[in-house]
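Protein chains: 2
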Amino acid sequence: MEYELIKRLSQYKKILIKLRSMGFVKIFSDNLSDALGISASLVRKDFAATGLTGKRRGGYQVNELIAKLNDLLGKNGEQHIIIVGCGKLGSALINYKGFENEQIRIVAGFDANPERQTPDAPIPIFAPDRLESYIREQRIQVAILTVPEESSLQTMERLQSYGIRGILNFAPVLMRSSEHCNVENVNLALEVEKLFYFVNAQQSS
Amino acid sequence: MEYELIKRLSQYKKILIKLRSMGFVKIFSDNLSDALGISASLVRKDFAATGLTGKRRGGYQVNELIAKLNDLLGKNGEQHIIIVGCGKLGSALINYKGFENEQIRIVAGFDANPERQTPDAPIPIFAPDRLESYIREQRIQVAILTVPEESSLQTMERLQSYGIRGILNFAPVLMRSSEHCNVENVNLALEVEKLFYFVNAQQSS
Ligand SMILES: NC(=O)c1ccc[n+]([C@@H]2O[C@H](COP(=O)([O-])OP(=O)(O)OC[C@H]3O[C@@H](n4cnc5c(N)ncnc54)[C@H](O)[C@@H]3O)[C@@H](O)[C@H]2O)c1
Ligand SMILES: NC(=O)c1ccc[n+]([C@@H]2O[C@H](COP(=O)([O-])OP(=O)(O)OC[C@H]3O[C@@H](n4cnc5c(N)ncnc54)[C@H](O)[C@@H]3O)[C@@H](O)[C@H]2O)c1
Numbered sequence: 000m001e002y003e004l005i006k007r008l009s010q011y012k013k014i015l016i017k018l019r020s021m022g023f024v025k026i027f028s029d030n031l032s033d034a035l036g037i038s039a040s041l042v043r044k045d046f047a048a049t050g051l052t053g054k055r056r057g058g059y060q061v062n063e064l065i066a067k068l069n070d071l072l073g074k075n076g077e078q079h080i081i082i083v084g085c086g087k088l089g090s091a092l093i094n095y096k097g098f099e100n101e102q103i104r105i106v107a108g109f110d111a112n113p114e115r116q117t118p119d120a121p122i123p124i125f126a127p128d129r130l131e132s133y134i135r136e137q138r139i140q141v142a143i144l145t146v147p148e149e150s151s152l153q154t155m156e157r158l159q160s161y162g163i164r165g166i167l168n169f170a171p172v173l174m175r176s177s178e179h180c181n182v183e184n185v186n187l188a189l190e191v192e193k194l195f196y197f198v199n200a201q202q203s204s
Numbered sequence: 000m001e002y003e004l005i006k007r008l009s010q011y012k013k014i015l016i017k018l019r020s021m022g023f024v025k026i027f028s029d030n031l032s033d034a035l036g037i038s039a040s041l042v043r044k045d046f047a048a049t050g051l052t053g054k055r056r057g058g059y060q061v062n063e064l065i066a067k068l069n070d071l072l073g074k075n076g077e078q079h080i081i082i083v084g085c086g087k088l089g090s091a092l093i094n095y096k097g098f099e100n101e102q103i104r105i106v107a108g109f110d111a112n113p114e115r116q117t118p119d120a121p122i123p124i125f126a127p128d129r130l131e132s133y134i135r136e137q138r139i140q141v142a143i144l145t146v147p148e149e150s151s152l153q154t155m156e157r158l159q160s161y162g163i164r165g166i167l168n169f170a171p172v173l174m175r176s177s178e179h180c181n182v183e184n185v186n187l188a189l190e191v192e193k194l195f196y197f198v199n200a201q202q203s204s
């Protein structure tokens with residue numbers, strides 16, 4: 000498969016995962032073409048070329064597409080990630096079983112507070128001065144950032160300088176992606192706000 | 000304003016908030032019409048009727064639209080919510096300053112473990128047997144659910160029976176909305192998976 004097609008397939012999957020989490024069950028090529036800013040006929044061509052079928056009139060089933068894209072893209076084994084900041088939120092994420100379902104494993108944590116450093120635990124928590132050697136030796140690409148606001152920008156910069164290519168940022172500071180590092184900002188308050196709209200819209204209907 | 004228009008405006012805002020968290024800066028009426036399953040001309044008519052302007056050729060600015068929709072829908076004061084399960088994740092959410100920016104306030108927590116119950120704290124944490132009276136007396140509409148998997152379904156059912164109309168569920172159990180209660184399932188593993196797609200797509204381009 001040529002690069003551009005692989006890239007589009009991975010983008011289709013990304014959007015489908017997002018839409019699945021928004022409750023979408025069916026989708027049309029126009030939806031994907033809009034979300035990716037490409038033509039609907041290219042979407043249909045890609046799907047035909049890779050055997051992704053749908054009932055044209057009824058669209059495509061989101062779950063079926065994701066499963067097929069998983070096969071095509073070869074959901075390559077387990078993805079190892081690290082977490083920086085192992086306080087309340089960090090520890091809740093370290094213990095979360097949901098990562099296993101998506102073949103993601105937190106392999107190590109890092110925390111500035113000596114009381115939280117447990118290098119011999121099943122998921123070791125190291126001091127931040129181990130970050131650089133650990134990221135380079137273990138070829139870690141993605142980190143979750145759950146440090147307090149005041150140390151978040153500095154920690155992000157350090158991670159990028161060590162070669163990290165993706166950061167899931169929870170600190171209440173909007174961080175921008177750079178050329179070599181993709182930053183996603185999570186704000187759970189927006190999830191609650193979204194919920195209020197459902198609740199309010201339901202009440203007024 | 001008639002009901003249907005208010006409902007659509009609130010849905011536009013909901014989608015826009017979601018798209019903003021995905022990084023969208025600009026949007027076209029076709030995107031909104033697709034997401035809501037309505038015609039693009041109805042979107043444009045709604046916007047014209049409520050004075051939401053955009054440069055037709057360049058689309059609409061997402062942040063501007065959200066601010067205007069906030070005014071139109073009268074972002075009614077502070078929304079009070081409760082949180083059930085005040086362990087690691089629950090306490091991280093109780094202390095999170097990001098809720099203030101969205102005018103959301105966690106006013107009370109509930110936890111089955113007597114050691115976590117602090118009824119005299121600034122944000123009191125009560126025993127679960129206080130849930131019913133608290134929800135009814137304080138007219139609470141939305142709850143965050145951060146209990147372990149094994150007690151999640153039962154707790155959800157209790158919340159619904161007490162009249163809760165929206166639940167943000169973190170337990171690793173996919174919960175369905177009912178007629179009177181809207182459930183949103185959060186899975187942070189999907190956010191990490193999404194990040195890997197960006198990172199992988201970037202590397203292969
Ligand atoms: N985005 C969201 O929806 C959301 C929700 C809850 C909390 N948060 C944010 O997540 C962050 C963590 O929240 P929390 O409740 O777990 O806080 P916490 O204080 O319990 O944990 C923070 C941890 O980071 C460690 N730390 C501080 N500086 C560090 C550094 N330079 N390197 C490594 N570790 C460092 C501390 O020792 C502590 O253990 C905060 O920024 C908070 O605002 C975001
Ligand atoms: N969706 C996600 O991305 C995500 C991420 C992390 C954790 N989680 C989930 O969030 C939940 C909480 O995780 P945690 O790390 O905070 O666990 P935790 O064990 O630290 O906290 C759970 C709390 O719930 C309380 N509890 C148990 N049964 C209860 C009941 N019936 N009513 C009220 N309180 C009750 C416990 O006393 C405890 O304090 C778990 O289900 C976990 O799987 C989800």
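Quick mapping for you: the protein sequence lines, in order, are chains A and B. Counting in numbering that gives the first Met the number 0, the first sequence runs from 0 upward without gaps. Counting in numbering that gives the first Met the number 0, the second sequence runs from 0 upward without gaps. The C-beta atom is built at its ideal place from N, Cα and C for all residues, glycine as well. These numbers were taken from a predicted model, which means no experiment stands behind them.
Within its own chain, the residues whose Cβ lies closer than 8 angstroms to the Cβ of LEU173(B), once the five positions on either side in sequence are excluded, are ASN184, listed in chain order. In this chain, the alpha helix (DSSP H) harbouring ILE93(A) covers 87-93.
For LEU88(B), the distance from the CB to the nearest heavy atom of ligand 2 is below 8 angstroms.
Here the region 79-89 of chain A makes contact with the region 127-134 of chain A; the two share three or more CB pairs at distances below 8 angstroms.
For PRO171(B), at least one C-beta of chain A is nearer than 9 angstroms to its own C-beta. When 9 angstroms is used as the limit between beta carbons, ARG135(B) is near no residue of chain A, the shortest such separation being about 17 angstroms.
A distance below 6 angstroms between beta-carbons, with the five flanking residues on each side excluded, links SER151(B) to the following residues of its chain, in chain order: ALA170 and VAL172. In chain order, LYS87, LEU88 and ALA91 make up the part of chain A whose C-beta sits under 7 angstroms from the C-beta of ALA91(B). The CB of ASP110(A) never comes closer than 7 angstroms to any CB in chain B; the least such distance is about 14 angstroms.
ARG164(B) sits buried, since 16 or more C-beta atoms from the chains shown fall within 10 Å of its C-beta.
Flagged as an interface residue toward chain B: PHE27(A), by a C-beta distance shorter than 9 angstroms.
Assigned with DSSP and collapsed to three states, ILE14(A) falls in helix. By the neighbour-count criterion, in which 16 or more other beta carbons inside 10 Å mark a residue as buried, LYS96(A) falls on the exposed side. Contact annotation for GLY97(B) against chain A: PRO171, ASN186, LEU187 and ALA188 [CB-CB distance below 8 angstroms, chain order]. Going by DSSP, PHE109(B) is part of no alpha helix (DSSP H) but of the beta strand (DSSP E) stretching over 103-109. Residue pairing by DSSP places TYR59(B) opposite ILE26(B) in a beta bridge.
Neighbours of VAL141(A) in chain B, taken as residues at a C-beta separation under 8 angstroms, are given in chain order as VAL191, LEU194, PHE195 and VAL198. For ALA170(A), the CB falls within less than 8 angstroms of some heavy atom of ligand 1. Between GLY165(A) and chain B, the shortest Cβ-Cβ separation is below 9 angstroms. Restricting attention to GLY108(B), VAL24(B), ILE37(B) and GLN140(B), the CA atom closest to the CA of PRO123(B) is found in GLY108(B). Taking 9 angstroms as the CB threshold, GLU114(B) stays off the interface with chain A. If you draw a 10 Å sphere on the C-beta of THR154(B), you find 16 or more other C-beta atoms in it, and that means buried.
Proximity of the beta carbon of GLN153(A) to ligand 1 is indicated: a heavy atom of the ligand is located closer than 8 angstroms. Distances from the alpha-carbon of LEU187(B) to those of LYS12(A), ALA200(A), LEU88(A) and ILE139(A) put LEU88(A) closest. In the three-state scheme derived from DSSP, where H, G and I count as helix and E and B as strand, GLN78(B) is classed as strand. THR117(B) has its CB no nearer than 8 angstroms to any heavy atom of ligand 2. Counting only runs of at least 3 residues, the region 118-178 of chain A fully encloses the following beta strand (DSSP E) elements, listed from N- to C-terminal order: 141-144 and 165-168. Closest by C-alpha distance to LEU51(A), out of GLY36(A), LEU71(A) and ILE37(A), is LEU71(A). Interface criterion not met: the Cβ of SER132(A) is under 9 angstroms from no Cβ in chain B.
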